[in-house]
Amino acid sequence: MQFSFSREQEDLRSSLRDFLSRRSGSEARNRVLKSGYALDRGLWDSMAQQLGLLGLALPESVGGSEAGFLETSIVLEELGRDAYAGPYFSTVAASWVLQHAGEDGATTLEQLASGSRIFTLAIADEGGTWARPGHRTTAFEVADGHRLAGLKVNVTDADTADEFVVVADLPDGPAWFRVAADAPGVSVVMGESLDLTRPIGQLVLQDAPAILVVGPAAAGEILADVNDKAAVALSAEMVGGADAALRQAVAWSLERTQFGRPIGSFQAIKHMSADALVEVETARVLTQYAAWAIDERTPDRSVVASMAKQAASDAFSLAAGNNIQIHGGIGFTWEHSAHLYFRKAKATSALFGTAPQHRDRIADLLAV
Amino acid sequence: MQFSFSREQEDLRSSLRDFLSRRSGSEARNRVLKSGYALDRGLWDSMAQQLGLLGLALPESVGGSEAGFLETSIVLEELGRDAYAGPYFSTVAASWVLQHAGEDGATTLEQLASGSRIFTLAIADEGGTWARPGHRTTAFEVADGHRLAGLKVNVTDADTADEFVVVADLPDGPAWFRVAADAPGVSVVMGESLDLTRPIGQLVLQDAPAILVVGPAAAGEILADVNDKAAVALSAEMVGGADAALRQAVAWSLERTQFGRPIGSFQAIKHMSADALVEVETARVLTQYAAWAIDERTPDRSVVASMAKQAASDAFSLAAGNNIQIHGGIGFTWEHSAHLYFRKAKATSALFGTAPQHRDRIADLLAV
Amino acid sequence: MNPTFSADVQAFQKEFATFLRELVPADWAGAGTLPREEYDAFAEKIRGQLYERGYIGVSWPQEYGGRGLSAEYQVAIAEELTRQGLPQGIASDVFGIQMFGSTLLAFGTEEQKQRFLPRILSGEDKWCQGYSEPQSGSDLASASTTAVLEDGMWRINGQKIWTSTAHLADWIFVLVRTDPDAAKHRGLTLLACPMDQPGIEVRQIQQISGEADFNEVFFTDAMTPEENTIGSVSDGWRVATALLEHERGGAAAVLAIRFAEELDRLEELARERGRHHEQDIRRRIAWCRSRVFAMRLMGYRALTRTLSGEGIGPEGAMNKLFWSEYHRVLTELSMDILGEDVLTLRGRRPAIPDGPDAPGAPTDSAGWITTFLNARSSTIFAGTSQVQRNLLAEKILGMPREPRAESSRGR
Amino acid sequence: MNPTFSADVQAFQKEFATFLRELVPADWAGAGTLPREEYDAFAEKIRGQLYERGYIGVSWPQEYGGRGLSAEYQVAIAEELTRQGLPQGIASDVFGIQMFGSTLLAFGTEEQKQRFLPRILSGEDKWCQGYSEPQSGSDLASASTTAVLEDGMWRINGQKIWTSTAHLADWIFVLVRTDPDAAKHRGLTLLACPMDQPGIEVRQIQQISGEADFNEVFFTDAMTPEENTIGSVSDGWRVATALLEHERGGAAAVLAIRFAEELDRLEELARERGRHHEQDIRRRIAWCRSRVFAMRLMGYRALTRTLSGEGIGPEGAMNKLFWSEYHRVLTELSMDILGEDVLTLRGRRPAIPDGPDAPGAPTDSAGWITTFLNARSSTIFAGTSQVQRNLLAEKILGMPREPRAESSRGR
């Protein structure tokens, strides 16, 4: 019985936290608020090359460190805490598919691990979800490969991605493809993202050249796997964000005085914070377990992934909402990062299944 | 625009409150807790004869005062505040049907108004509800009237009723009948009621002699009407109970000291109480309006009846639950009346439609 | 009990309705269909037309530009405006008419009333409110902006914050400390001060939605004549508190009308997305309907008290708590109906930054998301929900204040 | 990270499972099927059989009757007991084993450990806890029951309340004021005191459900020898507080097992009534499942800390808050599933007054309603939810205590 991280895992966390506080942190958050999203390429390269974060769970043969999903979840939690603005989740999520490309994929994975190419997943068709993309994007074979036609919605980091990993239907079923952002017939329409640190766009494919990554035989299973992993990865991000929002609120409550005392000494503020703490810890243990379950491929991994996602969504929304309330007026000014977390809470909850959708899924999986 | 009670209505309330504090109140509640439910017949007779509460909304010709439903709701609120243990609601509810009996019913209504005979409604069959009783109780005509056969569940005050007003199916549809408790073929099986002030039983009818009150032509409309009125009547009771629970909690919080101060000075207790106050006032205005709407037979009376019932259920549950929590240990001892209100909150919510059922009904009626 | 408008009011409302129909085209779908940029000008235009026909401030005495009608007429006007998809005035009316005007009617000198009130109604003077300070939000009584009387002029120094519409205002009513030696609540005075002077600087504050509806107001030797003192010197706390009750009380009946219209739009959203058959969505809508109807009834109750000359008193705090907490729940529901579509803001943004958007607004995600974000400010402004709960507990339920860390604060 | 039992523990659990299967008939459906009246005797019988085979207190040192095994074994035992529908000990074990025993291991003298611990395990001595007083509930440190040392004997006077199992107990550990002049927290001492003496009177308290699971204990010149002082004189607050952490911490992993079994029964109830297809019911069950699983994981986390020699510390307060508030939600759900059937209590009443009923209990309305009523006491006992939230805010989040009305209370 060991329900805790190993020494190595704790080291990973603390070195990453150090790194982020030096290289990213409140300064980066202010930049996002002042001038909008812009990928910090130097930071990205350092994350990839200096810290090896992108290849963390990839084979050594492509430059990775062969760590597990649990380690990835630690990275995501710390990035979430920092409200990091960059395509880490998108790229890592793409790697969950690209790993199944076999020998052919090695170069791609090397590019991914080195940070030299940015990837993202493009799954849902209009009206579809990540779990059930719909069948409106089609693929057809041509002499030199495939061509894709369709429209993918809610694509994370669509503007910075060099390459898209796309679900499209072949005649015998859905399959996974790679599409380069600069290929002919590929265009991206960015939306105005609620989450200021995660741009969202649509991918328009007009007979765009594509490379088959996984055929229909295995694609469905991988899609299910991607959904489980994405749920837990985003849960980890949200646990980090929720914890940050909680700590930010507490710190402010110690500093701010009203009626001659720090507002953190008022029961209303204390009890709000205690309740948020309980939710954050609930989400934390579920996410931790779910990450382990994914590494171990335990039979309960799908249900615990959903448990984590719904708990983390609730915890983040509560902690980020409380954070604004406790800050009072200053908490909903644009220049204060409180709303950055609040926006992330709502938007991240909506990615790869909302809390109610995951509760429905838990009930289905447990055959209630 | 006048959203307030008239002087006469306020007088009715205060004289009743005076009367109850002298004749019922905490002493009666203690009696219920110590020795269980037993109808205080003297009090009942005074309520009927001295205060005219049973005939309040009945015609003068049968000894009533021709007041409206609004006045009845004031009485119910005060009885609810007092946690009065007697068949007032049951008897008044029966009168809503008996009033439609025409000339024949005059004697019955006189008995009802004078308090000499106690009535109650028996509507739901097993598996049925008050709104949809089911069709398992049947009526057939015999030479000297009718006979009923079936089982009625969740009959309020079944043990004290002298007469039951029963829905049973004739060949051409449901109709209303009167059945005397001491008639052959009539038996009552009492359950253990969650609400200690309102006994609940089953009525077993084995070819029991019955008198037709309202035939199939009008019975359905009256059933709908009874459901609306009962919802608002019980809401009024619950508003009174919720208010009593809130006031009881506040009074205790001023008296009880911990950590050297009255616990009512702690924000946790203050905010719980403020939240309960908001819910009680929400339920109060909705109930007041709904009672007026029933008197005026406005087109929105069914939807506002449901609004009142769901709000009053929530308010009473919250206020009565808070009351226990604020009292601490003493609040869940048998001898303290806090649980009397808490039980009433849950049980009264379940009579004539639960809060979720009423919300479903609101959505249906408003064609959401 | 008769929660309906009197026959006179109904006739008045009918006549008003006829007038309104002439102001807009026959196929008018509501001010919410206008782009955000055009809304304010439209609201200003309509307000001008209403003023010309005497429909602004009808409940004020005739000698100050009103018509001396009862508050019932005011609600009837608001109801009809919303029903016909028109704005309920302009943003600064909350401060000019509802707050400052009402306070002046209660505390002002005859001269002040004559001077200020007609210009508020005509729209010549726009007002804003200077109460909160960076170090004094919930604890309003600790305000530290000072005013010193010199040769019949108040010299004001300090800073106010969260001042809505300050960038558009001609006047500010400002709570200042005039007696630095008195106990915290006792050294305050309320002053009316012109905005157009070198001693006042306004800086806009960008809020959570990205827009700038609030301001900081810096006073550096700003001046206002002694006769602009509202109420007595050092009586500012009492005057300001009464004023806050106007802010809280007056809105209830009128706000409920806007919330009902917003809920219609939410139902439309649910239907558009085929979510209106879901048990959870239906029940929550039903709960919201009940809540909004209760809000209207509470407004009627307050109105009844006003009509009979009773004050609404601390129940004002309940209205504020009630609608702002309701609006959080409502906007959460809109987010749940949008589902994945909360990810991006599409379409029109709301024209109104607090509470429901203008009537007839489309069901675009940008509208609902922005309203959802702004709803977070409603539980903070004009007294946080925590402060409101304290007030309710103390003033209505009679529960004790918390022991003070310092029972009074000599300054 | 490996949240599973080690191979050794798994082997042990398997062996234990085999042993348990011999104790009950092949068609055993769980202790929850027994009538309430028979349950306690059955629990006592099973406990005796477990004791004989060394399955009681396995984590205690061998010299005091335990087997010196890790806490992991304790959880494995509890899990298997519930899985096989058997009681997790008798009611007084919470006080004897989990609370007093654990405290004695930490604070007791060698002589005390030798004398008390083996008799606790064997069941010869049953214990109860004397902390709360009528005037001192949340504010435990204000206890006013006194003890005066005379000729090597403590003479105790005062009253304790909410003392579970006092009517069955041989001993009470009682928090008494031994130094009336010291500050509030500093004048307290913890004593072990025999119950069977003329100076002690026990009166049962009937609780919300109509049953009597609590007591008042009156001390009138009750006596206990000086050697029954637990820890040092005047150090009672520290000892008692540590003891409360045992109460809070130990239960988490084990409780979650019982809650999961209860949730199975709730699902059965929903299915029986055809309510398991409803969106609202399904989502709430899914939420409860997640909550119970999180509770188990928090238990594993605490267990991991215990195994590595770290204390669980103030997180104990979180477990108490977590499960008691969860249980309110769960029992509300059961009421909603019962619908109209909450009106009457039918069938079997629960055998266990706090938390989930015994495994295998039927889905009778009397069971769910009584558990619903009793769930209201769980958010009050052993520190109200309000006190727990204060603790979490202060001890984990580092938020300040409230200013005291009086910073210490000389007595």
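Chains as they are written, first to last, in our numbering: chain A, 124 to 491; chain B, 124 to 491; chain C, 82 to 492; chain D, 82 to 492. Even for Gly, the Cβ is constructed at its ideal location relative to N, Cα and C.
Checklist entry - Would you say Arg-354(C) and Asp-483(B) are within 8 Å of each other, going by their C-beta atoms? => result No, they are not a contact pair.
Next on the checklist: Are the CB atoms of Leu-378(C) and Phe-126(B) within a distance shorter than 8 Å?
Outcome noted: Yes.
Checklist entry - Helix, strand or coil: which one does DSSP assign to Pro-332(B)? => result DSSP places Pro-332(B) in strand when its eight states are reduced to three.
Item to check | Neighbour flag for Ile-450(C) against chain A, beta carbons, 8 Å | outcome: It does: the Cβ of Ile-450(C) has a partner Cβ on chain A nearer than 8 Å.
Checklist entry - Is it right to say His-394(B) is buried, meaning 16 or more other beta carbons lie within 10 angstroms of its own, or is it exposed? => result Residue burial annotation: His-394(B) is buried, with at least 16 other C-beta atoms found within 10 angstroms of its C-beta.
Next on the checklist: When you compare the CB positions of Leu-426(D) and Leu-317(B), do they come within less than 8 Å of one another, or not?
Outcome noted: Yes, these two residues count as a Cβ contact at 8 Å.
Next on the checklist: Check whether chain C comes within 8 Å of His-481(A), counting only Cβ atoms and requiring the distance to be less than that.
Outcome noted: Not an interface residue.
Checklist entry - So which of Val-265(A), Asp-285(A), Ala-284(A), Ser-358(A) has the shortest CA-CA distance to Lys-469(A)? => result Among Val-265(A), Asp-285(A), Ala-284(A), Ser-358(A), the Cα nearest to that of Lys-469(A) is on Ser-358(A).
Checklist entry - Going along the stretch 382-407 of chain A in order, which residues come within less than 7 Å of chain B, judged by CB to CB distance? => result Residues passing the 7 Å Cβ filter: Phe-389, Gln-390, Ala-391, His-394.
Checklist entry - Assuming Ser-149(B) and Ser-460(B) make a contact with CB atoms under 8 Å, what is their CB distance in whole Å? => result So it is a contact: roughly 7 Å between Cβ atoms.
Item to check | CB contact check: Ser-144(B) to chain C, cutoff 8 Å | outcome: Residue contact check for Ser-144(B) against chain C: no CB pair falls below 8 Å.
Item to check | Interface residues of the stretch 433-446 of chain A facing chain E [CB-CB below 7 Å] | outcome: In the structure shown, chain E cannot be found, because the protein chains are A, B, C and D.
Checklist entry - Looking at the unbroken alpha helix (DSSP H) that takes in Gln-390(A), where does it start and where does it end? => result Looking at the DSSP string, the run of the alpha helix (DSSP H) that includes Gln-390(A) is 390-419.
Checklist entry - For Gly-390(C), is the classification buried or exposed, using 16 other Cβ atoms within 10 angstroms of its Cβ as the cut-off for buried? => result Counting Cβ neighbours within 10 Å, Gly-390(C) comes out exposed, since fewer than 16 surround it.
Item to check | Coil, strand or helix - Lys-265(C) by DSSP | outcome: DSSP, reduced to helix, strand and coil, places Lys-265(C) outside both helices and strands of the structure shown, so it counts as coil.
Next on the checklist: Against Asp-361(D), what residues of chain C qualify as contacts under a CB-to-CB distance less than 9 Å, listed in chain order?
Outcome noted: Correct list: Gln-360, Asp-361, Arg-364.
Checklist entry - At a CB-CB cut-off below 8 Å, which residues of chain B make contact with Thr-85(C)? => result Within chain B, Met-124 have C-beta atoms less than 8 Å from the C-beta of Thr-85(C), given in sequence order.
Checklist entry - Which whole-angstrom value describes the C-beta separation of Ala-245(A) and Val-288(A), a residue pair presumed to lie in contact below a C-beta threshold of 8 Å? => result About 7 Å separates the two Cβ atoms, so the contact holds.
Item to check | CB contact below 8 Å: Met-313(B) versus chain C | outcome: Not an interface residue.
Item to check | Nearest neighbour of Ser-310(A), chosen from Ala-331(A), Asp-292(A), Pro-294(A) [CA to CA] | outcome: Residue Ala-331(A) is the option with its Cα nearest to Ser-310(A).
Checklist entry - Between the stretch 178-192 of chain C and the stretch 132-149 of chain C, do at least 3 Cβ pairs fall closer than 8 Å? => result Result yes; three or more Cβ-Cβ pairs closer than 8 Å.
Checklist entry - Considering only C-alpha positions, which residue in the set Leu-115(D), Gln-165(D), Tyr-120(D), Leu-101(D) is nearest to Gly-505(D)? => result Residue 505(D) falls outside the range modelled here, since chain D spans only 82 to 492, and no answer is possible.
Checklist entry - Within 8 Å (strictly less), CB to CB, does Gln-285(D) reach chain B? => result With respect to chain B, the C-beta atom of Gln-285(D) has no partner C-beta closer than 8 Å.
Checklist entry - If you draw a straight line from the alpha carbon of Tyr-211(B) to that of Gly-420(C), how long is it in whole angstroms? => result When rounded, the distance between both Cα atoms is 49 Å.
Checklist entry - Relative to the C-alpha of Thr-246(D), which residue among Glu-307(D), Gly-177(D), Ala-264(D), Ser-466(D) is closest? => result Its Cα nearest to that of Thr-246(D), the residue Gly-177(D) stands out among Glu-307(D), Gly-177(D), Ala-264(D), Ser-466(D).
Item to check | Collapsed DSSP secondary structure at Leu-193(B) in the structure displayed | outcome: Helix, per DSSP.
Checklist entry - Tell me which same chain residues have a C-beta within less than 8 Å of the C-beta of Gly-331(C), skipping the five on either side of it? => result For Gly-331(C), the pLDDT reaches just 48, beneath the cut-off of 50, and the residue's location in the model is therefore unreliable, leaving the point undetermined.
Checklist entry - Is the Cβ of Gly-486(A) closer than 8 Å to any Cβ of chain D? => result It should be pointed out that residue 486(A) corresponds to Ala in this sequence rather than to Gly. With a threshold of 8 Å between beta carbons, Ala-486(A) makes contact with chain D.
Checklist entry - What do you get for Glu-286(A), buried or exposed, if any count of 16 or more other CB atoms within 10 angstroms of its CB means buried? => result Buried: at least 16 other Cβ atoms inside 10 Å.
Item to check | Spatial distance of Val-337(A) from Ile-289(C) (CA atoms) | outcome: Between Val-337(A) and Ile-289(C), the C-alpha separation is close to 43 Å.
Checklist entry - What do you get for Val-355(B), buried or exposed, if any count of 16 or more other CB atoms within 10 angstroms of its CB means buried? => result With 16 or more Cβ atoms within 10 Å of its Cβ, Val-355(B) is classed as buried.
Checklist entry - For Asp-205(B), which residues of its own chain have a beta-carbon under 7 Å away from its beta-carbon, when the five flanking residues on both sides are left out? => result Take Asp-205(B), set aside five residues on each side of it, and the residues of its chain with a beta-carbon closer than 7 Å to its own are Leu-143, Ser-147, Gly-148, in chain order.
Checklist entry - Listed in chain order, which residues of the stretch 135-152 of chain C have Cβ atoms closer than 8 Å to some Cβ of chain B? => result Those residues of the stretch 135-152 of chain C that come within reach of chain B (Cβ to Cβ, closer than 8 Å) do not exist; the list is empty.
Checklist entry - What residues of chain D sit near Leu-377(A), judged by a beta carbon separation below 9 Å? => result Contact note: Leu-377(A) reaches chain D through Gly-479, Met-480, Pro-481, using a C-beta cutoff of 9 Å and chain order.
Checklist entry - Who pairs with Met-234(C) in a beta bridge, going by DSSP? => result Looking at the DSSP assignment, Met-234(C) forms a beta bridge with Glu-231(C), Pro-306(C).
Item to check | CB of Ala-159(C) within 8 Å of CB of Gln-169(C), strictly | outcome: It is a contact, given that the beta carbons lie within the stated cut-off.
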